[in-house]
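Engineer: What follows is a single structure, and I will ask about it in a moment.
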Amino acid sequence: MYKIPLFDKYNDKITYGISGRTNGVSQGEYDSLNLGLHVGDNSNDVIKNREIFCSSLGISLANTVCCEQVHKTNVHMVTSADKGKGAYSLTDTIKDVDALITNEKNIPLMLFFADCTPLLIYDPVHEAIGAAHAGWRGTVGDIAGKTLAAMHKSYSTNPADCVAAIGPCIGQCCYEIGNEVSAEFINVFTNIKKTINPVDNILIKKGSNYHLSLYNANKILLIEHGLLPENISPDTPYCTACHNKEFYSYRADKGKTGRHCALLCLK
Ligand SMILES: [Zn+2]
1091 MYKIPLFDKY NDKITYGISG RTNGVSQGEY DSLNLGLHVG DNSNDVIKNR
1141 EIFCSSLGIS LANTVCCEQV HKTNVHMVTS ADKGKGAYSL TDTIKDVDAL
1191 ITNEKNIPLM LFFADCTPLL IYDPVHEAIG AAHAGWRGTV GDIAGKTLAA
1241 MHKSYSTNPA DCVAAIGPCI GQCCYEIGNE VSAEFINVFT NIKKTINPVD
1291 NILIKKGSNY HLSLYNANKI LLIEHGLLPE NISPDTPYCT ACHNKEFYSY
1341 RADKGKTGRH CALLCLK
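Going by my numbering, the first residue of the sequence shown is number 1091, and it counts up by one from there.
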C-alpha cells in the first residue's frame, strides 16, 4: 500500500489508505482491485473489492461516503446522516460534488482515481479532514483552495496547521495536454506570485505541446492557500501512467480501466 509518512505520525488520530490495483477480484481490463462502480465492471466484484480494501484498513464500508466526481469544484460537508452514501451504489452517492470534508469520527471519505490527483488534508488542531478529486479541471478551478476554505468555514481550519498528501497521479512525463488546457493554466497561475515561477514549474513544452504537472500545480495551490511546504507529502510526484501495473491509468490503459481510491477517516 502507498505510504504517506507525514500521515503516519497521526496514526492514533486518522486512518488513511491509497489502494493499488492488485489483490482484488475484478477481471480483464479491471484487473483486479477496481473500486469504481461507474466504469462498466461487475458491481458485485467492485463491492467485494471495496470490502477487501476497507477491511485491510480495519474500517467499515457501510460507514464510508463517496461522491459523484464530475470534474467540478463543489465541496460537501459530510455528517453521520451521510454514512454509507455511494458505498454500495451510484444511485445514492453525493451528487455534483468532487470534495468531501468532515469532523465526525469513523466516517471514511473515499474518492476514486485513474490519473487524476487525490488530495487528502488533515487538520490536527480542529480534528477535521478533507478529500478532493483534482483532475485538470478541478486543479485549475482550485479545488484545493475550495476544500481548505470549506474546512475553514465549517471547522475554523487554519491551513498552516494542516498536513496534506498529494496522491499518485499522472506525471509531467506522461501528461501531454492541448493548447486550450495549457492556456487555462497559464491564465490562472501567472496571477499567483511565488518566489518560483508557477507557470514554469507546472508546464514544460515538449515539441509543439505542453506537458502538465498536476502534482506541482496542486502543491503550489496548497502553499498559496497557507499550507507549509514541509507539511505536504510526498516530496516528489509518483506517476500513475509510468506505474500502471500498480495503479489504474486512464491514459496508459487507453480509457478502459478501473479506479483506485484515496481514503481518509478520523478515528
Ligand atoms: Zn509518467
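Every residue gets a Cβ at the ideal spot worked out from N, C-alpha and C, and that includes glycine.
Being a predicted model, the structure only gives us computed values, none of them experimental.
(1) Looking at the structure shown, is PHE1337 part of a helix, part of a strand, or coil, going by DSSP?
(2) Under the assumption that VAL1165 contacts THR1237 (Cβ atoms under 8 Å), give the Cβ distance between them as a whole number of angstroms.
(3) Taking any heavy atom of ligand 1 as the mark, which residues have a C-beta closer than 5 Å to it, listed down the chain?
(4) What number of angstroms, rounded off, separates the C-alpha of VAL1129 from the C-alpha of GLY1345?
(5) Using the rule of at least 16 other Cβ atoms within 10 Å of the residue's Cβ for burial, across every protein chain shown, is PRO1288 buried or exposed?
(6) Out of LEU1210, ALA1189 and CYS1332, which one is the CA nearest neighbour of LEU1096?
(7) Classify ALA1222: buried if its beta carbon has 16 or more other beta carbons within 10 angstroms, exposed otherwise.
(8) To the nearest angstrom, how far is it from the Cα of GLY1174 to the Cα of ASN1196?
(9) What's the C-alpha gap between HIS1242 and PRO1214?
(10) Would you report the Cα separation of TYR1212 and ASN1101, rounded to the nearest angstrom?
(11) Is it buried or exposed, LYS1145, if we count other Cβ atoms within 10 angstroms and call 16 or more buried?
(12) Could you say which of TYR1340, TYR1338 and ALA1254 lies nearest to LEU1312 if we only look at CA atoms?
(13) Return yes when the Cβ of PHE1143 is within less than 9 Å of the Cβ of GLY1176, no when it is not.
(14) Within its chain, find whatever has a CB closer than 8 Å to the CB of ALA1331; leave out the 5 residues flanking it on each side and keep chain order.
(15) Taking Cβ positions, are ASP1251 and HIS1301 nearer each other than 9 Å?
(16) For PRO1258, count neighbouring Cβ atoms within 10 angstroms of its own Cβ and tell me buried if that reaches 16, exposed if not.
Structural biologist: In short, the structure shows the following:
(1) In the sequence shown, counting from the first residue as 1, residue 1337 sits at position 247. It is coil, neither helix nor strand.
(2) To locate residue 1165, count along the sequence shown from 1; it is residue 75. To locate residue 1237, count along the sequence shown from 1; it is residue 147. The Cβ separation is near 6 Å, so the contact holds.
(3) GLY1261, CYS1263, CYS1264, CYS1329, ALA1331 and CYS1332
(4) In the sequence shown, residue 1129 corresponds to position 39, counting from 1. In the sequence shown, residue 1345 corresponds to position 255, counting from 1. If you take the alpha carbons of VAL1129 and GLY1345, they lie about 10 Å apart.
(5) Position 198 of the sequence shown, counted from the start, is the residue given in the question as residue 1288. Label assigned to PRO1288: buried.
(6) Taking the sequence shown and counting its residues from 1, the one referred to as residue 1096 is at position 6. Comparing Cα positions, the closest option is LEU1210.
(7) Taking the first residue of the sequence shown as 1, we reach residue 1222 at position 132. By the neighbour-count rule (16 or more Cβ atoms within 10 Å), ALA1222 is buried.
(8) Counting from 1 along the sequence shown, the entry for residue 1174 is found at position 84. Counting from 1 along the sequence shown, the entry for residue 1196 is found at position 106. Cα-Cα distance, rounded: 11 Å.
(9) The residue labelled residue 1242 in the question sits at position 152 within the sequence shown. The residue labelled residue 1214 in the question sits at position 124 within the sequence shown. Computed Cα separation, rounded: 13 Å.
(10) One-based indexing of the sequence shown puts residue 1212 at position 122. One-based indexing of the sequence shown puts residue 1101 at position 11. Taking the straight line from one Cα to the other gives about 12 Å.
(11) Numbered from its first residue, the sequence shown carries residue 1145 at position 55. Note that residue 1145 corresponds to Ser in the displayed sequence, not to Lys. Exposed, since its Cβ has fewer than 16 Cβ neighbours within 10 Å.
(12) Along the sequence shown, one-based indexing puts residue 1312 at 222. Comparing Cα-Cα distances from LEU1312 to each of TYR1340, TYR1338 and ALA1254, the minimum goes to ALA1254.
(13) Your numbering for residue 1176 matches position 86 in the sequence shown. Your numbering for residue 1143 matches position 53 in the sequence shown. In this structure, PHE1143 does not lie closer than 9 Å to GLY1176 by Cβ.
(14) For this step, residue 1331 is matched to residue 241 along the sequence shown. The answer, listed in chain order, is ASP1205, ILE1260, GLY1261, CYS1263, CYS1264, TYR1265, SER1339, ARG1341 and ALA1342.
(15) Residue numbering aside, residue 1251 sits at position 161 when the sequence shown is read from its first letter. Residue numbering aside, residue 1301 sits at position 211 when the sequence shown is read from its first letter. It is not a contact, given that the beta carbons lie outside the stated cut-off.
(16) Within the sequence shown, the letter at position 168 stands for residue 1258. Counting Cβ neighbours within 10 Å, PRO1258 comes out buried, since at least 16 surround it.
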